[in-house]
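Residue numbers (the numbering used here): 1 to 246.
To start, the structure itself, in structure tokens.
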């Protein structure tokens, strides 16, 4: 079962910072990708660098991984990392006062870590316990922290200043993989998780490959829309109509 020591420590720290805020989620500012993208020159450059790194390094490695890994093993590895991810997801649900969802997350950990053989089998989903998608960036948004500028991270891709800070909290304070003391083991698991996640995207990528006219703009806009949907748990409010839209 994933260790909860660092997660509880981060939870306590974050609660100290967040509990003084209003208990109701404020309405986020209307989504305007062009206004949020305040570093377009850098972002386009880094997007291009990431595209080349993916084309010549990460994608070929993921294709090789998928070619030599049996499907049941690939699915099992994905499930194991998904089980580890349920710990930070549950903590972030707690920080957003989503107690029912947090209880489901921690129940998933117990079920999958025991009956699912450390998460290799996702028995929790079989029993109807839903999997959620929460991170500290969403927690910050829940408590009214603005997204700041859109920002393309090296290797990791689309983000915002808010989500970059959230990523640091998740990775270095809550993520069980980063808490492994043996550096070779930890780095190997981090690398395996990246390759496994990239391999999982290969099938869906084939559907949209070559369909984007401006990959940077469309990927940016799609990512920002998805983040807003996650923040509002799939119920994002409609954007107000512009007066000059008629």
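All residues carry an ideal CB built from backbone N, CA and C; glycine is no exception.
Keep in mind it's a predicted model, so treat the numbers as computed, not measured.
Item, Value
"Work out the CA separation of residue 137 and residue 165 for me, nearest whole Å.", "7 Å"
"By the DSSP assignment, the beta strand (DSSP E) with residue 152 in it spans what residues?", "150-153"
"Just grab the DSSP bridge partners of residue 158 for me.", "152"
"Going straight from the alpha carbon of residue 134 to that of residue 230, what length do you get?", "8 Å"
"Measuring CB to CB, does residue 170 end up less than 8 Å from residue 33?", "no"
"Using 10 angstroms around the beta-carbon of residue 43, count the other beta-carbons present and answer buried if the total reaches 16, otherwise exposed.", "buried"
"My understanding is that residue 87 touches residue 119, with C-beta atoms under 8 Å, so please give their C-beta distance in whole angstroms.", "Contact flag wrong, Cβ pair sits at about 11 Å."
"So, with DSSP's three-state summary, where would you put residue 134?", "coil"
"Considering only residues of the region 53-117, which uninterrupted alpha helix (DSSP H) runs meet the minimum length of 4 residues and lie entirely inside it, listed in chain order?", "59-68, 71-95, 99-114"
"Taking 8 Å as the threshold, find out whether the region 193-208 comes into contact with the region 56-69 through three or more Cβ pairs.", "yes"
"Can you tell me whether residue 124 is buried or exposed, with buried defined as 16 or more other CB within 10 angstroms of its CB?", "buried"
"In angstroms with no decimal places, state the Cα-to-Cα distance between residue 99 and residue 213.", "43 Å"
"If contact is defined by three or more beta carbon pairs under 8 Å, each pair taking one atom from either stretch, is the region 47-59 in contact with the region 153-165?", "yes"
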